[in-house]
Amino acid sequence: MEILEENNITWSLAKKILEKKAKEGELGYEQKNALEHLKKFSKLSEKKVNDMVEALKKIERLKDKHIINIVNMLPEDADDIRVLFSNELINLSDEEKKQILSIVKKFT
1 MEILEENNIT WSLAKKILEK KAKEGELGYE QKNALEHLKK FSKLSEKKVN DMVEALKKIE
61 RLKDKHIINI VNMLPEDADD IRVLFSNELI NLSDEEKKQI LSIVKKFT
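Heads up, the final residue of the sequence shown is numbered 108 in the working numbering, and it's a clean run with no missing numbers.
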């Protein structure tokens, strides 16, 4: 199989894609496991996820991959954000961290 394109997507979108594929035919072993995991840990509706993504895009320093990680992991405090960004070259200000946490809290 050749990979033509690679994109970061939210868990809710991945769950939707796998559920659609399951209705069309049988899922492979890895796909079944992924769908089970997503059903267990994907907590937000697709609408809430899309609204949260739009709100997070207003924070200029965040790239798409950062936004996807925030939406998937739903950080609860500054330490969670620090862990999410520990391998990144971006240093968020305390104000930006507060913005992120308030957006996450608003949609959860």
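We treat Cβ as the ideally placed atom computed from N, Cα and C, and that holds for glycine.
Starting from GLU6, trace the alpha helix (DSSP H) in both directions and tell me its first and last residue. Counting along the chain, GLU6 falls outside any alpha helix (DSSP H), and DSSP gives it neither H nor E.
Looking at the secondary structure, which residues open and close the alpha helix (DSSP H) in which ASP77 lies? Here ASP77 belongs to no alpha helix (DSSP H), and DSSP marks it neither H nor E.
Just to confirm, is the Cβ distance from SER18 to LEU44 under 7 Å? According to the sequence shown, residue 18 is Leu rather than Ser. It is not a contact, given that the beta carbons lie outside the stated cut-off.
According to DSSP, is GLU60 helix, strand or coil? GLU60 falls in the coil class under three-state DSSP.
Do you know whose CA, among LYS105, LYS98 and ALA22, lies nearest ILE59's CA? Check the Cα spacing between ILE59 and each of LYS105, LYS98 and ALA22: the tightest is with LYS98.
From LEU92 to ASP64, what does the alpha carbon distance come to, in whole angstroms? Distance between LEU92 and ASP64, taken at the CA atoms: about 15 Å.
Please name the residue, chosen from ARG82, LEU56, GLU30 and SER42, that lies closest to SER102 on a Cα-to-Cα basis. Here the closest residue by C-alpha is LEU56.
Distance, SER86 Cα to GLN31 Cα: Distance between the alpha carbons of GLN31 and SER86 is about 29 Å.
Please state whether DSSP places PHE41 in a helix, a strand or coil. Assigned with DSSP and collapsed to three states, PHE41 falls in helix.
Run the CB neighbour count on THR10, radius 10 Å, all protein chains shown included, and call it buried at 16 or more, exposed below. With 16 or more other Cβ atoms within 10 Å, it is buried.
So, for VAL49: in the same chain, excluding its five sequence neighbours on each side, which residues have a beta-carbon less than 7 Å away from its beta-carbon? The beta carbon of VAL49 sits closer than 7 Å to those of THR10, SER12 and VAL71, all from its chain and outside the five residues before and after it, given in chain order.
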